[in-house]
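Take a look at the structure below.
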Amino acid sequence: MKSLGNLSKRFSSLTTLAALVILMVIITFINPNFFTANNLLNLLLQVTANGFIAFGMTFVILTGGIDLSVGAILALSSALAAGMIGAGMPLPLAVFLCLVIGAFLGAVNGFFIAYGKMAPFIVTLATQMAYRGLTLVFTNGNPLTNKMDGFFLAFIGQGYLFGIPFPVIIMIIAFALLFVLLHKTSFGKSVYALGGNEKAAYIAGVQSNRVKVAIYTISGAMSALSGLVITSRLSSATPQAGSGYEMFAIAAVVLGGTSLMGGKGRLTGTMIGVLIIGVLNNGLNIIGVSAFWQQVVEGVVILVAVLIDVLRNRKSLRM
Amino acid sequence: MKIEMTHIAKSFGSNQVLKDINLTLNSGEVHALMGENGAGKSTLMNVLTGLFPATGGQISIDGETKSFANPKEAELFGISFIHQEMNSWPDMTVLENLFLGREIKRAGGLLNNKEMKARAKDAFKQLGVNIPLDTLIGTLSVGQQQMIEIAKSFLANLKILIMDEPTAALTERETNRLFAVIETLKAKGVGIVYISHRMEEIFKVSQFVTVMRDGQIIDTKPTAETNVDELVRKMVGREITDYYPRKDTPIGDVIFSVSHLNSAGGLFEDISFEVRAGEILAFSGLMGAGRTEVMRAIFGIDKLKSGTVTLNGKQLRIRKPVDAIRHGIGFLTEDRKTEGLILDFSIRENVVLPKKDSFVRRGLYNAKAAAIFVRDLINRLSVKATSDEQLVSDLSGGNQQKVVMAKWVGISPKVLILDEPTRGVDVGAKREIYELMNELAGRGVAIVMVSSDLPEVLGISDRIIVMHEGTIAGQLPGKGATQEQVMQLATLGE
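In order, the protein sequence lines correspond to chains Z and R. Numbering-wise (full-length UniProt numbering), the first sequence opens with residue 1 and increments by one. Numbering-wise (full-length UniProt numbering), the second sequence opens with residue 1 and increments by one.
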C-alpha cells in the first residue's frame, strides 16, 4: 500500500497541474490563437524571469523562510554588471561576476537570518530597501545602456537554440540542477527537515545555520540570473527592474502547493505555479482583458487556489 | 449527573478504534481509565465531548439521549476535557484566560472586569488555588497552568471533568496539590475521569477503574477490589512477570567520561562522571536538578563554560549536535514531539536524518539504500506501522518513541544518551525499549539514561548517579539500591 504522505504529495501536484490544464483549455476555447506553437514558446520565454526567482524562493519557503529582497538583488546585481561592462570588462567575466554578486547579496541575508537569529521577513525587507537604494545610488537613478549590445550578452536573453529561446533553455537547465539538489541530495533533506521542525532537525545533526545561508545564497544567485536575462532582453539595466517580483515568485511557489510553514512542497509544483501565472498573463492579454482587470483576475485565482489547498488539508486533518 | 454510554463504536475510515463500549460515569466519583497507548481512551473521551461523532451506539445523560456537536457544547453542558497539551495562551493573563470566549460583559459590550475578578477569586478559593490573576500564563509552571484549566472549567458549571495524563509533567508537590483539588471537586459532586498510566495514582485517587485494550473495554471494577498485577495483565492481555528484563551481559572498560563540566547558564556545576562499555548509567533526581541540562550541554545543544568530554581516551570538541553525532553519540531528547521528531514527516525521513550523509554516493543521495536501512531498523525495533512512509504523527506514543530510538540506533552509537526514554509510553512498548537498551549494552554501547521514574531507574540500571540542584549528590549501585536511598540523595536529606 502506498502511504498517505506520498499520495498527498502527488495529489497536490496533480491538482495544480489540473488547474493549469483547465486554464489553458478555457483560454484556448475563447481565443484559439493562444494555443499556437509560437505563442506557447513566447509564453515560456515570458515566464523565465519569474521562474528563476521562484525556484530559489522554493528553497527559502521550504525552510519556513521568505525572501522579499529578490527584486532588489536582481536590480543591484544587473546594474553592477552593466557598470562593469561599461567600464570595459570582458562580457563572460561580467556575467559570471553578476551571479557571484547576487549570491553574495543573498548570503548577507542568510547570514543575518542564521547567525543573527532574525526573522527572514524583517531581514529581507530591510535588505530590499538597502539594495534598492544602493542601485539608485550606483545608477544615479538612470538606466545603464551604454555598450550593452555585445553578442554574448544579447544571446543570453535574445538568442535561440534549436528554435527554442535561450532563456527557456537556461530555465530548464536551472530547474534540472535545482531539482537534483533539492530531491536527490543530502542538502535537500536538510532543507525539508529544517522547515519541518528546526529544533528536531538541529538535534539530529542538520547544520541549520549553514543550510540557511546556502538557501538565501541560492535565492540571490537565481535573482541575479533573472536579472541577466532581463538586462539582456532590454539591452539595459534599469534601477527599478524587478520591483514587485518577490510577490509573483511567492505566489508561484504557493500556487505550486508549497506550504508557507515550511517542510512541504516540491519544485515541480513551483514550475506549474510559474506556468499558471504565465498563462494568466499571456492568456488574458490575448483574450483582450485590460491590464487593470488582469491583476484582479490574478489575485482572485491565487486566493481560490490557496483556498482549495487549505480546504483539502483540513479534510485530511484528524486526531 | 449520570452519563451512560452504550454500544459506542467509532471508526476512522476502515480503521475501527472503538468497539461496543459500555461505560457509566457518575458525578462525585473518580473513575480511572487505563490502557496502553492507542487503546482508545482519548478517542472515547473525544467522542463523549463531541470532537468526533460516534459511528454507533448512544450516549445518554440523566436518562436523555444526547450527542454534542463539539467540545464547546459539551463544556456548556458541564463536561470538560483537559488534554495533555493544554490550550493556554502564554501572553494572556490568568484572568483573561479563565474567561476566554465567555467574557462577562456590561451592557454596551465592555468587559466587566470587576465581576470576572470576583468570580475567579471565588473559584480559586473554593479550589484552594493561589495564583495572582494578573500573572501571564507563560510564566506559570505546567502544574499551575493545569490548575488554571481546572478553574476555567469549574467556572463554567462543571459536572464531569476529564483529565488525560494530568501528572505527566508535574513535580511531586504539584501532583499532591492536584490530588487535593480532585478531592475538593469530588466533594462538590463533580465526577472525574482520570486517564493515567501511573498505577500508584490510580490506587490513590480513583473509586472505579476501567481497563481498555484495542478499542474495547476489558473490565470495570471498584479500584479497591483489584491490584497492580491484575490491571497490567488486563492492559497488555498477557502476563508480564518482570517489568524490567534481566541484563546479564558483561560491563567493559570506561569509554566515555566528562570532567568538571560547568554550564554557561549556571544550570549545573562541576559535573564529572564516566560510563563503561555495556553499562547502563541512570541519572536520577528531582525535576529541575539539572540532569537534562547536563546531557544537552554534552551533546552540544546548550553551551558549556568549562570542562572536558572524553571518548575512548580522546578529548572531544563538541560545539553543536552534528559534532557529537560524528563522534558516535546519540541523544534521545525528553520531548519527542518538539525535539525528537518531525511530526508530519514519514518514519523514513525521520529515522534517516542523523545518518543521511552516509547514503550519499558521488554527491547524490541514495534513497533506495536509505529505505532498506530504515525498513531493517523499524523491523528490528518492531515499530508498528503500515509502512516506513507512514507519517509519525499517526503513530501511538510508544511507536513514536521507537522511531526516535531507531533514529539513534541507526548511527551505531558508541554512547547513547536517553532522556526519559519511556515517558508517555505504554507498558508493552516500555518493556521493548528496555530490551533494546539491554541489547545495545550487550553490544558494548555505553548508555546514559535520565529518568524520573524511580522503579525504572532501580529496575534497569547498573549504576545510579543522583543530582541535586545542579551538582552530583551521590552514586548508588543499580542492584540493591532502594527508592528511599535515591530520594534521600535527591533531596539531600531534607
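Glycine included, every Cβ here is placed at the ideal spot set by N, Cα and C. The structure presented is a predicted model; accordingly, all values stated were derived computationally and were not measured.
Where R/E36 and R/G288 are concerned, what is the direct C-alpha to C-alpha distance, given to the nearest angstrom? 28 Å
The beta strand (DSSP E) that contains R/L261, what's its start and end? V254 to S263
Between the region 97-108 of chain Z and the region 154-166 of chain Z, are three or more C-beta pairs nearer than 8 Å? no
Leaving aside the five residues before and after R/L158 along the sequence, list all residues of the same chain whose C-beta is less than 8 Å from its C-beta, in chain order. G78, S80, L185 and V190
If the cut is a Cβ gap below 7 Å, which residues of chain R does Z/I170 touch? Near Z/I170 there are no residues of chain R at all, since even the closest Cβ is about 22 Å away, more than 7 Å.
Is it true that the region 373-391 of chain R meets the region 346-361 of chain R, where meeting means three or more beta-carbon pairs spaced less than 8 Å apart? A contact exists between the region 373-391 of chain R and the region 346-361 of chain R.
Is the shortest distance between the beta-carbon of R/K407 and the beta-carbons of chain Z less than 9 Å? yes
Within its chain, find whatever has a CB closer than 7 Å to the CB of Z/T58; leave out the 5 residues flanking it on each side and keep chain order. Excluding residues within five positions, the ones whose Cβ falls inside 7 Å are V253, T258, G265, L267 and T270.
Would you verify that the beta carbon of R/L18 is, or is not, closer than 9 Å to some beta carbon of chain Z? no
Rounded to whole angstroms, what is the Cα-Cα separation between residue 321 of chain Z and Z/A72? Summary: the structure shown does not reach residue 321 of chain Z, with chain Z confined to residues 1 through 319, and so no result is reported for it.
Indicate whether at least one CB of chain R lies closer than 9 Å to the CB of Z/S290. Output row for Z/S290: interface = no.
What are the residues of the region 197-224 of chain Z that lie near chain R, defined by any Cβ-Cβ distance shorter than 8 Å? N197, K199, A200, A201, Y202, I203, A204, G205, V206 and Q207
In the DSSP output, what is R/F331 paired with across the bridge? R/I417
Extent of the continuous beta strand (DSSP E) to which R/D219 belongs: Q216 to P222
Name, please, each residue of chain Z whose Cβ falls closer than 9 Å to the Cβ of R/S292. For the record, residue 292 of chain R in the displayed sequence is Thr; it is not Ser. Here the premise fails: no neighbours, minimum Cβ distance about 13 Å.
Where do the ends of the alpha helix (DSSP H) carrying Z/P167 lie? F166 to H183
Measuring CA to CA, which of R/M437, R/E200, R/R361 and R/T49 is closest to R/R380? R/M437
Which residues in the same chain as Z/T145 place their Cβ atom closer than 7 Å to its Cβ, once the five residues preceding and following it in sequence are excluded? S235 and S236
Okay, do the region 6-13 of chain R and the region 115-128 of chain R touch, 3+ Cβ pairs below 8 Å being the bar? no
Under 8 Å from the C-beta of R/G340: neighbouring residues of chain Z: A200 and I203
May I ask you to verify whether the region 292-306 of chain Z touches the region 130-145 of chain R, counting CB pairs closer than 8 Å and requiring at least 3? no
Against chain R, with Cβ distances strictly below 9 Å, would Z/T185 count as a contact? Yes, contact with chain R.
Under 9 Å between C-beta atoms, does R/K384 make it to chain Z? No, its Cβ sits nowhere closer than 9 Å to a Cβ of chain Z.
At 8 Å on the CB atoms, spell out the chain R contacts of residue 403 of chain Z, in chain order. No statement about residue 403 of chain Z is possible, as the shown extent of chain Z runs from 1 to 319 and does not include it.
R/A282 and R/G478: beta carbons closer than 9 Å? yes
Considering just the uninterrupted stretch of the alpha helix (DSSP H) at Z/S206, what are its terminal residues? Sequence check: residue 206 of chain Z is Val here, not Ser. Segment: none, Z/V206 is in no alpha helix (DSSP H) and carries neither H nor E.
Tell me the residue span of the alpha helix (DSSP H) that contains R/F208. Taken as a continuous stretch (DSSP letters only), R/F208 belongs to no alpha helix (DSSP H), being part of the beta strand (DSSP E) at F208 to R213.
In angstroms with no decimal places, state the Cα-to-Cα distance between Z/A37 and Z/L45. Answer to the nearest angstrom: the Cα atoms are 12 Å apart.
Along chain R, which residues have their Cβ under 9 Å away from the Cβ of Z/A176? What Z/A176 touches in chain R: nothing, since even the nearest Cβ is about 13 Å away.
Exposure of Z/M1, with buried meaning 16 or more beta-carbon neighbours within 10 Å: Only weak support is given to the placement of Z/M1: the predicted model assigns it a pLDDT of 36, under 50, and the question is left unresolved by the model.
Name the DSSP beta bridge partners of R/Y365, please? Answer by DSSP bridge pairing, in chain order: R/V360.
In angstroms, rounded to a whole number, what distance separates the CA positions of R/G108 and R/I160? 34 Å
Label R/E64 either buried or exposed according to how many other C-beta atoms from any shown protein chain fall within 10 Å of its C-beta, with 16 as the threshold for buried. exposed
Inter-residue spacing [alpha-carbon to alpha-carbon] between Z/I113 and Z/A119: Taken atom to atom, the span from the alpha-carbon of Z/I113 to that of Z/A119 is near 6 Å.
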